[in-house]
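Some notes on the structure that comes next.
In full-length UniProt numbering, the protein residues as written are 1 to 187.
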């Protein structure tokens with residue numbers, strides 16, 4: 001899973017990078033491209049686990065440009081991946097330069113949650129988030145402060161006997177169209 005955005009006339013791609021597969025601690029790597037086809041990668045990750053809630057990984061980023069700041073919703077992995085039942089939540093970080101990141105902590109900690117993506121504009125003065133918890137459905141929630149989320153509503157579920165019959169989750173940030181919001185999702 002990766003996320004892409006435009007920054008300083010370049011495509012910035014954030015991707016999950018795994019160092020030692022036995023410990024499986026994920027980080028976020030950065031790749032840049034001037035043409036969208038040929039990418040340059042860097043040796044060091046741009047985001048590594050820092051807090052206990054993401055001790056075993058930061059992964060599956062989704063980048064949203066909102067009010068002049070890039071917000072990264074990511075999966076914060078708290079327990080070891082190869083060791084059984086994994087605890088994970090959505091973490092939020094923000095940046096204006098892709099060099100320094102402000103961590104805003106995890107959100108919706110009542111249950112395991114991932115595939116978080118913020119809408120690129122507030123709706124009725126509130127932040128809007130799509131997420132996948134409880135699995136396997138897609139939910140929408142609203143917040144005034146990016147910390148406290150309310151009005152959770154399930155809006156999309158897997159469809160039996162199709163490529164999306166196991167789970168569904170948000171991909172990129174939604175795109176506003178004349179007919180509403182367009183969302184690319186995965187199954």
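C-beta: ideal position from N, C-alpha, C; glycine also.
Cβ neighbour criterion (16 or more within 10 Å) applied to residue i
| i | result |
| --- | --- |
| residue 113 | buried |
| residue 36 | exposed |
| residue 162 | exposed |
| residue 74 | buried |
| residue 110 | exposed |
| residue 79 | exposed |
Which listed residue (the options) has its alpha carbon closest to that of residue i
| i | options | result |
| --- | --- | --- |
| residue 122 | 161, 68, 97 and 159 | 68 |
| residue 39 | 45, 31 and 46 | 31 |
| residue 28 | 91, 7, 183 and 60 | 60 |
| residue 187 | 169, 85 and 152 | 169 |
| residue 14 | 48, 85 and 20 | 48 |
| residue 131 | 100, 183, 11 and 9 | 183 |
| residue 94 | 66, 86 and 115 | 66 |
| residue 115 | 139, 125 and 127 | 139 |
| residue 180 | 133, 119 and 127 | 119 |
Bounding residues of the beta strand (DSSP E) (the contiguous stretch that carries residue i)
| i | result |
| --- | --- |
| residue 157 | Per DSSP, residue 157 belongs to no beta strand (DSSP E) and is neither H nor E. |
| residue 131 | 127–131 |
| residue 60 | 57–66 |
| residue 123 | First-last for residue 123: undefined, no H or E at that position. |
| residue 141 | 138–143 |
| residue 71 | 69–77 |
| residue 90 | 88–95 |
| residue 48 | Counting along the chain, residue 48 falls outside any beta strand (DSSP E), and DSSP gives it neither H nor E. |
| residue 181 | 180–182 |
7 Å Cβ shell around residue i - same chain, five flanking residues per side excluded
| i | result |
| --- | --- |
| residue 18 | 24 and 26 |
| residue 45 | 17, 27, 28 and 29 |
| residue 7 | 98 |
| residue 159 | 165 |
Neighbourhood of residue i by C-beta distance below 6 Å, restricted to the same chain and skipping five residues each side
| i | result |
| --- | --- |
| residue 137 | 154 and 157 |
| residue 151 | 142 |
| residue 89 | 76, 106, 109 and 113 |
| residue 172 | 184 |
| residue 64 | 71, 118, 120 and 173 |
| residue 191 | Nothing can be reported for residue 191, as the shown portion of the chain is limited to 1 through 187. |
query: Should the segment 101–115 be regarded as contacting the segment 143–159, the criterion being three or more beta carbon pairs within less than 8 Å?
result: yes
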